[in-house]
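There are 2 protein chains.
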Amino acid sequence: MPDDGSLLAPLPIRALDALRQLILDGDLPAGARLNERALGERLGVSRTPLREALRMLAAEGLVRHEAKRGAVVAPLDKADIEATFEVLAALEGLAGELAARRIDEPQLAEIKARHFEMRAHHARGDRAGYFAANQDIHRRIAAAAGNPALVETFERLNARVKRVRYAANLTAERWAKAVEEHERMIHALDARDGAALRAILEAHLAGKRQSVLAAFSGASEAYD
Amino acid sequence: MPDDGSLLAPLPIRALDALRQLILDGDLPAGARLNERALGERLGVSRTPLREALRMLAAEGLVRHEAKRGAVVAPLDKADIEATFEVLAALEGLAGELAARRIDEPQLAEIKARHFEMRAHHARGDRAGYFAANQDIHRRIAAAAGNPALVETFERLNARVKRVRYAANLTAERWAKAVEEHERMIHALDARDGAALRAILEAHLAGKRQSVLAAFSGASEAYD
DNA sequence: TATCTGACTTTGGTATACCAAATGAAATCG
DNA sequence: CGATTTCATTTGGTATACCAAAGTCAGATA
């Protein structure tokens, strides 16, 4: 997902990726003020490219610029999460419908393979592995939709809730239910049933929203 | 739609709004190289805030950064337009469904009023007035959905195709059909029928896409 | 004449300089 | 002792300086 953190990329891009990582990992907590000189030194970059990175992060919604006090890690409240998941669900639904219509055999085969890897992680109770495989599958479905604008829009919004999305601790039941939904996704995709896939994905996202909101309300009443 | 072009806004924001206007109006045609010094002088701004504005426009998709050659007004081809409209249709559909569920009477009344103003513009054959009213109605439906992430996402994507969206010259029939669709929108909204409104809006956007693509293919085979 | 070459110029990328507003701390007043 | 005023410092906003890579073009060469 990094745009391009590689050594040859321009500094604004490198700073962007580094900062995004820091925010998503929680090293820069929501609400934290981002001192340009200090942050620049930390990243080994001067203020000019750093400020460009901050503007890009603001466009992604991970950072807010407050008048006369600079950049702050964007707070995230319940309403933000609900709104974002509402849009993500619609985008996933669209992705599913288009993917069912457009996916080719090699793409489908690879998604099936990932699906079984994911089930393996679930069987072992390996949350990190599960999340990675899960994310990869959703990314591949979006890619199979063959719509770059959709992928980009999804990634942008997903970044906003990622901070909290993968912090949600699944209960065993919810986890099992998610896996079962994935199972049905594969079948719908295999049958090229767009309407069904859309419905499953929308429900799947609704479930994720619930579990994220539950974890959110419980853990940090106000994440900002 | 300008973020805030006012005199008290910081220069990156002012430059952002000014540049967006220049691009949407076609004063900066697709593919044009954006010389930082020249552009800065034109806007009365130094390169530092200008570069921040360019990064924000890149995030909106109106500008592209090419390696070692700087910023360029983003080209827009048929595939971009199709992909963008596909996502816009899904977002409008979601907006409609949510709006039908959440709109209150004053909001609905105002949309009805705008609707009749729009019909007046249509009756007079006033395209500019029609487009403005039309845009306003769609914006209000999105607002009535009560989802800021949705509004923001929609605006961001819409900006990409605005350049070409309002250049499409409607035929009389297509125009009449659009107005009739708007009529049905109002009824669905009035009846709080989310599913119907979603369907109408998705079809409406599909029609817009067709008319834009037709105008696009005819006029400028390659808008870049 | 066509092509190559090398100095000059332009341009984006990055760092630094400067300013005014905001912040914080110390001194002063009630 | 608490509130407040003042002054030093920090910080964001903006402009400018510097560099290396790309681009340009005249003149030399075959």
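Going line by line, the protein sequences match chains B and W.
The first sequence: position 123 = 123 (the working numbering), numbered continuously.
The second sequence: position 208 = 432 (the working numbering), numbered continuously.
All residues carry an ideal CB built from backbone N, CA and C; glycine is no exception.
Using the beta-carbon of each residue, which ones in chain B are nearer than 9 Å to Glu310 of chain W?
Leu94, Leu98, Ala145, Asn147, Ala149 and Leu150
State the Cα-Cα distance for the pair Ala149 of chain B and Ala307 of chain W, rounded to the nearest angstrom.
6 Å
Using the Cα positions of His289 of chain W and Ala295 of chain W, report the straight-line distance between them to the nearest angstrom.
4 Å
With DSSP as the reference, label Val388 of chain W as helix, strand or coil.
helix
Can you confirm whether Asp304 of chain W, when its beta carbon is compared against all beta carbons of chain B, has any partner nearer than 9 Å?
yes
What is the DSSP secondary structure of Glu221 of chain B, reduced to helix, strand or coil?
Bear in mind that the predicted position of Glu221 of chain B carries a pLDDT of just 46, short of 50, making it unreliable; the figure below should be weighed with that in mind. In the structure shown, Glu221 of chain B sits in coil (DSSP, three-state: anything other than H, G, I, E or B).
Compare the C-alpha of Leu39 of chain B against each of B:Pro10, B:Val73 and B:Val87 and name the closest.
B:Val73
In terms of residues, what are the limits of the beta strand (DSSP E) holding Ala71 of chain B?
Gly70 to Val73
CB Ala367 of chain W to CB Gln331 of chain W, shorter than 9 Å?
yes
Verify the CB distance criterion: does Gly194 of chain B have a CB-CB separation below 9 Å to chain W?
no
Of all the residues that make up the region 28 to 56 of chain B, which are near chain W by a beta-carbon distance shorter than 7 Å?
Thr48, Arg51, Glu52, Arg55 and Met56
Return the chain-ordered list of same chain residues with a C-beta closer than 7 Å to the C-beta of Ser211 of chain B, the five sequence neighbours on each side being excluded.
Ala168, Leu170 and Arg174
Taking DSSP's pairing of strands, which residues face Val287 of chain W in a bridge?
W:Val297
Can you name, in chain order, every residue of its own chain whose Cβ lies under 7 Å from the Cβ of Asn134 of chain B, other than the five neighbours on each side?
Met118
Which residue's Cα is closest to the Cα of Ser270 of chain W: W:His339, W:Arg238, W:Phe309 and W:Leu318?
W:Arg238
Can you give me the Cβ contacts of Arg338 of chain W inside the same chain, cut-off strictly under 8 Å, excluding the 5 residues immediately before and after it?
Ala357, Asp360, Ile361 and Arg364
Report the neighbours of Ser381 of chain W on chain B: residues whose CB is nearer than 8 Å to its CB, in chain order.
According to the sequence displayed, residue 381 of chain W carries Leu and not Ser. Simply Ala149 and Thr153.
With C-beta atoms as the reference, is Ala100 of chain B less than 9 Å away from Glu202 of chain B?
no
Could you give the first and the last residue of the continuous alpha helix (DSSP H) run that contains Ala344 of chain W?
Glu329 to Arg348
Buried or exposed: where does Leu8 of chain B fall if 16 or more other Cβ atoms within 10 Å of its Cβ makes it buried?
exposed
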